[in-house]
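The listed protein sequences correspond, in order, to chains P and E.
Our numbering applies: residue 9 is where the first sequence begins, and numbers increase by one.
Our numbering applies: residue 9 is where the second sequence begins, and numbers increase by one.
Glycine included, every Cβ here is placed at the ideal spot set by N, Cα and C.
Bear in mind the structure is a predicted one, so any value in this text is a computation, not a measurement.
Structure first, then comments.
There are 2 protein chains.
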Amino acid sequence: MNDTSLVRPLKVVGQRPIRPDGADKVTGRANFGADQALPGMLTGRIKRSPHAHARIVDIDTAAARALPGVKAVVTAADFAQLGSESIEQGESAGTLGHVSANCMAREKVLYVGHAVAAVAATSPEIAEEALRRIEVRYELLPHVIDVEAAMAPDAPLLHEDLFTTGMTPSPTAPSNVAAKTVIGRGDPAKGFAEADLVLERRYVTAAVHQGYIEPHACVASAGADGQHQIWCSSQGHFAVRAMCAKILGLRLQDIRVTPAEIGGGFGGKTTVYLEPVALALSLKCGRPVRLVMSRDEVFQASGPTSASVIEARIGATRDGRITAAELTMKYQAGAYPGSAIGAGCMAALACYAIENVSIVGYDVVSNRAKVAAYRAPGAPMAAFAVESCLDELAQQLGLDPIDLRLANAVKPGMKAVYGPTFREIAFVETLEAIKAHPHYRAPLGPHQGRGVACGFWFNIGGESSAAVHVDADGGATVVSSNPDIGGSRASMAMMAAETLGLPIERVRATVADTASIGYSDLTGGSRVTFATGMAVVQAAQKVVDDLRRRAALTWDCPIEQVEWRDGTAACTDPAKEERPLTLAELAARSARTGGPISAEVSLNAQGAGPGFGVHLCDLEIDPETGRSTVLRYTAAQDVGRAIHPSYVEGQIQGGVAQGVGWALNEAYLYDASGTLENPGFLDYRMPVASDLPMIETILIETAPNKRHPFGAKGVGEVPIVPPLAAVANAVTRVIGVRLTELPLSPPRVLEAIDAASGKA
Amino acid sequence: MNDTSLVRPLKVVGQRPIRPDGADKVTGRANFGADQALPGMLTGRIKRSPHAHARIVDIDTAAARALPGVKAVVTAADFAQLGSESIEQGESAGTLGHVSANCMAREKVLYVGHAVAAVAATSPEIAEEALRRIEVRYELLPHVIDVEAAMAPDAPLLHEDLFTTGMTPSPTAPSNVAAKTVIGRGDPAKGFAEADLVLERRYVTAAVHQGYIEPHACVASAGADGQHQIWCSSQGHFAVRAMCAKILGLRLQDIRVTPAEIGGGFGGKTTVYLEPVALALSLKCGRPVRLVMSRDEVFQASGPTSASVIEARIGATRDGRITAAELTMKYQAGAYPGSAIGAGCMAALACYAIENVSIVGYDVVSNRAKVAAYRAPGAPMAAFAVESCLDELAQQLGLDPIDLRLANAVKPGMKAVYGPTFREIAFVETLEAIKAHPHYRAPLGPHQGRGVACGFWFNIGGESSAAVHVDADGGATVVSSNPDIGGSRASMAMMAAETLGLPIERVRATVADTASIGYSDLTGGSRVTFATGMAVVQAAQKVVDDLRRRAALTWDCPIEQVEWRDGTAACTDPAKEERPLTLAELAARSARTGGPISAEVSLNAQGAGPGFGVHLCDLEIDPETGRSTVLRYTAAQDVGRAIHPSYVEGQIQGGVAQGVGWALNEAYLYDASGTLENPGFLDYRMPVASDLPMIETILIETAPNKRHPFGAKGVGEVPIVPPLAAVANAVTRVIGVRLTELPLSPPRVLEAIDAASGKA
């Protein structure tokens, strides 16, 4: 770690160079997962369950296999039988057995859309006809969709072998509750006794989808020599490699995965759906196979985030000191265990210095698609509950909502509810920035209201590899193995340029495949700028040391006498009278000083700083329709240091947009048979640009992360945490009724208005 | 450098594991240059000159551009004006200006097939129609094909600005002689005076093509953001990047080149023909463009090797000591300077310890395709002359041809004719191996003869980068940036496996693109096993040191106490009683000991050992037709140490096959207009499997190269050097007439038989 740069004036970091991938993306030139084409490539299609819960009695693929043009058919029989070994999938974890069964149902189908078989054929038409010819006999079973219904003792059981973990004593009967999580400190009973006001509320959120523009897509090509290749749209090609290897009984070295450009992920592309199926098909027929999901399939069979029910009880003194908090959090996991309940419990109260806390969380399976990570997984629903409750406390105590939070805000040196001690954090400064902003005092018109809410996210570090290669003409390439989902090519190039002393135009950043660069954990947890950035900076520092060594060789002086400034080696011995050598000059003669100039660094980064956000939302509600229009939105965030401020602002704006959608409109709607009723963007209403005002951002850089060479913290997840409550608190201020169930769609708001006015 | 392995017993090096790319290649699954496909890709076509020499008065592309479906048309106006900066193209060099003008003619066309314009269109048919619609007005000029005719004072001049280099004083008039090379030592006049026998002969060889199976092919895709990509069939994707960048006025960082599998190169894929053209087309229209040569185009417009005329004068004493040698060597370079005359002059007499030497070489342009490197460039023709002459000396002196060579053979410690002092060489052992082989004494039948000849090649080192990455499940990947044209994936994996102590099955070798790994010189000069192998072994050693460090961390002991044996860390402190940790165990816990295990090494390798070959050829000549049939062929070679003996044997067998073709049948035939008459495999007769016996190989491993960790020398080029003379010497022994002009095609041999018998 080298934090001298924190004091040195920076030339590239903090600037706003043009994004390197922009023009290719807006002109349609960028190559995404579905763009890969190989000679002899087949079209794959997946047959999916029409039932929410059923036993598979029999699958007859003979007629499909007999169809001319069909080259391969696979079912679960083609996948390895896997147990409970866990596997990284970003911020949520799952067992390999469940990942495999989710890709291809084994004994039972657990949700409408669950894959039961797949075909590869010479045309889409033949592939679809083949699907029709596959006959699956099902024995129907009762199903359960809702999280609390699934927890009921008499609920239909999804997994006969699922016993709740985290219980003492261990349960003897299986259940849909996969895990119980408990976090606590102090004495909540004593805390509530000290309170002047205790609120007890129940909050409900709907399942929402990450809504990435690009559906899941991949091409797999099994090699005759046992070296197989996959091209895919993924947040982590090393994770894809690991999962495919395990699911198909291969070794890591047998699979080379190349990441395509990615049209959004938001956590939803941290696991596999298609890749093992495409590779299994290719292994069977020896030809490349492309699988691309339709939007229907994305909605039905790829992970949304959890629906949730959170019961909150929070007590405070008259002057706004929170004395105790109790939360019971029920997160729906979908068909297999693994909601983000753990992170949700840990994040729920992380903004506040509360002495007496009790949090209990439940991870609950039900007959819907397995959830996947979604931007700050588990935290937005928890913040919706806590920040709604705090807003109501402030209202009832007659306190300013920001003052209430300032009175309880965590500060550096305090121990977080979830364990560790905070180091460089700036939550107080972030709250104060919003409080001081003109927006906070701007007048509101009729039917308008203003909500405030806060959010927290951990951010993570982890394993990363990066290399820096110097070109003979004085440019440099930065290689990492993290798919660029949020601008990491720009930030990696900038950090390398800063360290090397090159203008940003002379540094290219690329993402290499699994066979070309060292291992990295996937792109998630807001880890890349921090952890991979650290590897990039260390690799660039090694290059600088190598350049100094080569200059010393040229000048025949000790390396200690060579200083690196602004991309130039200078000899500090005035007696030498050597003209400084630029990086380009040293690169041009590299063959004579030891060969190509390159360095690779692999590390496991520790000390990612957590981030805090404070959001302010003004909205207006049409009293005739109940429709909310967001009028003004300001988001302040503790970002450590912004490497490329425009991307940081973009992350904040994107997180707010998704949070507003979650708050106002988005929801998975199921019919009585357990079928998703709105698997498309017409009926699943995500905000579009015209739905939102320009979102103003405030970057708080008063607490740079000392573990990172330039002070960076993760910034991508925090901004989706506050909007649910910020929007709901604003709605409450307009209609005078507190709504505790999302989404705050026009019918629901209108119903509340009508009920309040006695119309209903 | 670590040569301890030279004494340690080796477990992987020297074994014959199954080649990693075999099954994919024989089943047609491997992806070659023409297999790359991209969305929206266009078909490119090149318009070529029908004239051997003409001034381009005007090119009218309007009608082509107006054709619907035509998206781009380029001419030389789209290429940068480049000067005389030289650029690496394997073992031959050229100026960038000439490389560019060879890709697209500027003021003049210099050979039939010279590119004058190119189009990109939505279909091959449209592209071809567009070529027809391009109108080029030429002013015809007289042309010259033959090398000696081109040297004549009144010869048509190709380049008005070409002045012979290496002359004192510098010439004042331009000429077709691009360069004069002089090598000498001692006093030839004195040497010849000491000789008992002096032979003076003139030897002629025809231009022959490398004859790779796969024609040149590439896809270029210009990025809207200035990051362009090329996929191509090349021996050096870094060289392609460098040449395309210069020719199109781009920076190295602007181009990312990915090498495809390569269907043969033999030196002929060390320069560019299509890549800058495809990229220029793509830059114009913003769509990917594929260019693939037809076989006609390969013959007419990609580099064959030089035709040559060599005048030799060699003197020897009665007992076979060579007292002096004088050579005048004229190599045809094609349309632009840059035959391998320099290497030819240096290699010509490198096998022999001759005190008095004078070699003069000429590099001569003429109106034919620019030559390219071809396996031991320049050496086979020189060896044809020298080894033919030595054979005749032996005949006339009544000496055994091997004894004559033994009497003059170079030995370790001697100074080579071309300068340096030989270190670990085994030419004497190689000669003795052939002399001791039963083949040398096997009886011959009627019309059968036996020829012997020797050959030398330098082999080179140079710049290479390689990385070793350890997988979490205990496998490893070796990454290099040298396209695998002769089995380098196998040898790199073997050397890494040996160093890591892994079975070969657990190591994969891959070739990464220019943006993913450090720079390497191209695959040529027989450098890869030596130089890149050295980088691989050093990277693997760094990994081993890292594994030892991690074991020490685990055991809390100094790293010096951790020994690495057979893929396992062992603690040498008996008090510790630690169970050894395997690489797989250390890899599985790598996240807790510092992150991923990886190392990259870049170096400029020095000390590639030269190689020597001694070949023995039996053939039978049909006196009715003059057709030669090779009956038996034995090739011994000083290989240092064979990493994978089967590949080394394959290299020797392949070199022999190509040399036999050069000797017996292959030749470029031009008509009076300067048009190549046989641009196809029907009329250009290369040997096929049924033309050759199984070629027996003898690997001489008595002189391992001490500069390489396992003793390797380059092996791929030596074996094409002796066959021309070995075959010719055998023919001479059959027909009793010495033929000094290649190829020894049936008509030419029949004519000699007839002349000798007085029939002609």
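Item: Measure the CB-CB distance between P:A650 and P:R535 and report whether it falls below 8 Å.; Value: no
Item: How would you label P:T580, buried or exposed, when you count the other beta carbons within 10 angstroms and need 16 or more for buried?; Value: exposed
Item: Going by CA-CA distance only, name the one from P:A384, P:K55 and P:V622 that's closest to P:G459.; Value: P:V622
Item: How do the region 84-93 of chain P and the region 152-163 of chain P stand: do at least 3 beta-carbon pairs fall below 8 Å, yes or no?; Value: no
Item: Give a yes or no on whether the minimum CB-CB distance between P:L260 and chain E is below 8 Å.; Value: yes
Item: Which residues in the same chain as P:D68 place their Cβ atom closer than 6 Å to its Cβ, once the five residues preceding and following it in sequence are excluded?; Value: E143
Item: With 8 Å set as the bound, which would you pick, yes or no: does the beta-carbon of E:H7 sit closer than that to a beta-carbon of chain P?; Value: Only positions 9 to 768 of chain E appear in the structure, and residue 7 of chain E is not among them; the question remains open.
Item: Which residue from P:F435, P:A332 and P:A461 puts its Cα closest to that of P:P388?; Value: P:A461
Item: Who pairs with E:M337 in a beta bridge, going by DSSP?; Value: E:I318 and E:G369
Item: Taking the alpha-carbon of P:D691 as reference, which of P:A675, P:C240, P:G662 and P:I433 has the nearest alpha-carbon?; Value: P:A675
Item: One question on the structure: do E:H151 and E:V373 come within less than 8 Å of each other, judged by their Cβ atoms?; Value: no
Item: I'd like to know whether the C-beta of E:I5 is nearer than 8 Å to at least one C-beta of chain P.; Value: The first residue shown for chain E is 9 and the last is 768, placing residue 5 of chain E beyond what the model contains.
Item: Any idea what DSSP makes of P:C565, helix, strand or coil?; Value: coil
Item: For the candidate residues P:A539, P:A736 and P:C111, whose alpha-carbon lies nearest to that of P:I255?; Value: P:C111
Item: Here's the rule I'm using: 16 or more other beta-carbon atoms within 10 Å means buried, otherwise exposed. How should E:V20 be labelled?; Value: buried
Item: Using 8 Å as the cut-off, can you tell me whether the region 679-687 of chain E makes contact with the region 305-313 of chain E, which would need three or more C-beta pairs spanning the two stretches below that distance?; Value: yes
Item: Would you kindly work out how many angstroms separate the C-alpha atoms of P:A734 and P:K55, rounded to a whole number?; Value: 42 Å
Item: Does at least one heavy atom of the ligand ATP sit under 7 Å from the Cβ of P:S698?; Value: For the ligand ATP, the structure offers nothing, since it holds no ligand at all.
Item: On the CB-based measure, 16 or more other CB atoms within 10 Å of its CB, does P:A237 come out buried or exposed?; Value: Reading off the sequence shown, one finds Gln at residue 237 of chain P, where the question assumed Ala. Buried, because 16 or more other Cβ atoms sit within 10 Å of the Cβ of P:Q237.
Item: Cα separation between P:A415 and P:R326?; Value: 12 Å
Item: Quick check: is the beta carbon of P:V300 nearer than 8 Å to any beta carbon in chain E?; Value: no
Item: Taking a contact to mean a Cβ-Cβ separation below 8 Å, would you say P:L530 touches P:G276 in this structure?; Value: no
Item: Do E:I330 and E:Y360 have their CB atoms nearer than 8 Å?; Value: yes
Item: Listing by chain order, which chain E residues have their CB less than 7 Å from the CB of P:E506?; Value: Per Cβ cutoff of 7 Å: no residues; P:E506 is ~17 Å from chain E at best.
Item: Which whole-angstrom value describes the C-beta separation of E:A520 and E:T710, a residue pair presumed to lie in contact below a C-beta threshold of 8 Å?; Value: Not really, about 36 Å apart at Cβ, beyond 8 Å.
Item: Rounded to the nearest angstrom, how far is the Cβ of E:E471 from that of E:Y527, given a contact under 8 Å?; Value: 6 Å
Item: Between the alpha carbons of P:A498 and P:S765, how many angstroms are there, rounded?; Value: 53 Å
Item: Which bits of chain E does P:D29 rub up against, with CB to CB less than 7 Å?; Value: D233
Item: With burial defined as no fewer than 16 other Cβ atoms inside 10 Å of the residue's Cβ, what is the status of E:R140: buried or exposed?; Value: exposed
Item: Against chain P, does E:A599 count as a neighbour if the rule is that its beta carbon must be under 8 Å from one of theirs?; Value: yes
Item: Report the residues of the region 343-377 of chain P with a CB closer than 7 Å to any CB of chain E, ordered along the chain.; Value: none
Item: Using C-beta distances below 6 Å, list every residue in its chain close to P:F464, excluding the 5 sequence neighbours before and after it, in chain order.; Value: A355, A358, C359 and F620
Item: Hey, would you say E:Q261 sits closer than 8 Å to P:T485, going by beta carbons?; Value: yes
Item: Quick one: what does DSSP say P:G52 is sitting in, helix, strand or coil?; Value: strand
Item: Going by DSSP, name the residue or residues bridged to P:T518.; Value: P:V487
Item: Which class does E:A595 belong to by DSSP, given the choice of helix, strand or coil?; Value: helix
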